[in-house]
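Take a look at the structure set out below.
Numbering (this note's numbering), first residue to last: 381 to 651.
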């Protein structure tokens, strides 16, 4: 009993410690600047949406959100389609080249954005892909595909081979097996990969900042960084901008949290 009480107390303390900064930032974003300066910790006395209105206008979040959604949605769709298809091929279609190709793809986990940004910039500049949507989406896919394939392969490998063989005996080809058996069973891991990929693209900053100088294709994170320079001493506007930039991820998690948890739990049990 004492151990259980101590464990719950530790978990409670950890929860408060990790969530309080987010709660504080959120309610502070509704405070007038005078209240923030006078007491940054206290709850708002006069709640206001002015910080959000001004931050949205100054940050030009309308087109930033559109750009970020284009990049994130396109990247997520490509990564999900390729990773699950590749995972099925690597784990259920026998081939001598499978271990070699899979190893090369997984080796992509060792490649970081910071170590490859210079050669990537040179290559895109040579190909004329800088300041283009395609020039952003291709690196996004490249840096997210390795983890997605690894995650999908771990799940698809757990699908019983007897099920695949039974489908073959019924005359089903690999395409039919993939669409009728693998994809429906892989929904939890597909959702997990999609959320991870969307999140990684949404919070990414370095690639867009280095590969584009055109304001028309800036993303939310680049716009937020530029806004910080303009509003370095206006905490209300700045906090509101941070909350605005985080809303899509929060909504995404709230909508798909059950699927995400299912993907984790099934991967843990079957893997």
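We put the beta carbon where it would ideally sit given N, CA and C, even for glycine.
Check, Outcome
"Can you give me the C-alpha to C-alpha distance between residue 514 and residue 454, rounded to a whole angstrom?", "10 angstroms"
"Does DSSP put residue 613 in a helix, in a strand, or in coil?", "coil"
"Would you mind listing the alpha helix (DSSP H) stretches within the region 404–474 that are 4+ residues and don't spill past its ends, in chain order?", "413–418, 430–439 and 441–472"
"With H, G and I counted as helix, E and B as strand and the rest as coil, what does DSSP make of residue 477?", "coil"
"Measuring only the C-alpha atoms, how far is residue 605 from residue 443?", "15 angstroms"
"Rank 616, 571, 387 and 511 by C-alpha distance to the C-alpha of residue 596 and give the top, closest one.", "511"
"Rounded to the nearest angstrom, what separates residue 534 and residue 598 at their Cα positions?", "35 angstroms"
"Would you kindly work out how many angstroms separate the C-alpha atoms of residue 623 and residue 411, rounded to a whole number?", "13 angstroms"
"Which class does residue 598 belong to by DSSP, given the choice of helix, strand or coil?", "coil"
"By the DSSP assignment, the alpha helix (DSSP H) with residue 541 in it spans what residues?", "541–549"
"Quick one: grab the DSSP three-state call for residue 554.", "helix"
"Kindly list the residues whose CB is nearer than 6 angstroms to the CB of residue 456, restricted to its own chain and excluding five residues on each side of it in sequence; keep chain order.", "574, 577 and 578"
"When you compare each of 607, 620 and 592 to residue 447 by their alpha carbons, which one comes out closest?", "592"
"Locate the alpha helix (DSSP H) running through residue 508, then write down its first and last residues.", "Note, residue 508: premise wrong, no alpha helix (DSSP H); not H, not E."
"Can you tell me whether DSSP reads residue 589 as helix, strand or coil?", "helix"
"Looking at the unbroken alpha helix (DSSP H) that takes in residue 562, where does it start and where does it end?", "Residue 562 -> no alpha helix (DSSP H), and no H or E assigned at all."
"Residue 619 and residue 405: beta carbons closer than 8 angstroms?", "yes"
"Anyone know if the C-beta pair for residue 570 and residue 547 falls short of 8 angstroms?", "no"
"Quick check on residue 631: does DSSP put it in helix, strand or coil?", "helix"
"Should the region 526–540 be called in touch with the region 464–479, which here means at least 3 C-beta pairs below 8 angstroms?", "yes"
"When the Cα of residue 518 is compared with those of 550, 504, 391 and 544, which residue comes out closest?", "504"
"Does DSSP classify residue 538 as helix, strand or coil?", "coil"
"Run the CB neighbour count on residue 582, radius 10 Å, all protein chains shown included, and call it buried at 16 or more, exposed below.", "buried"
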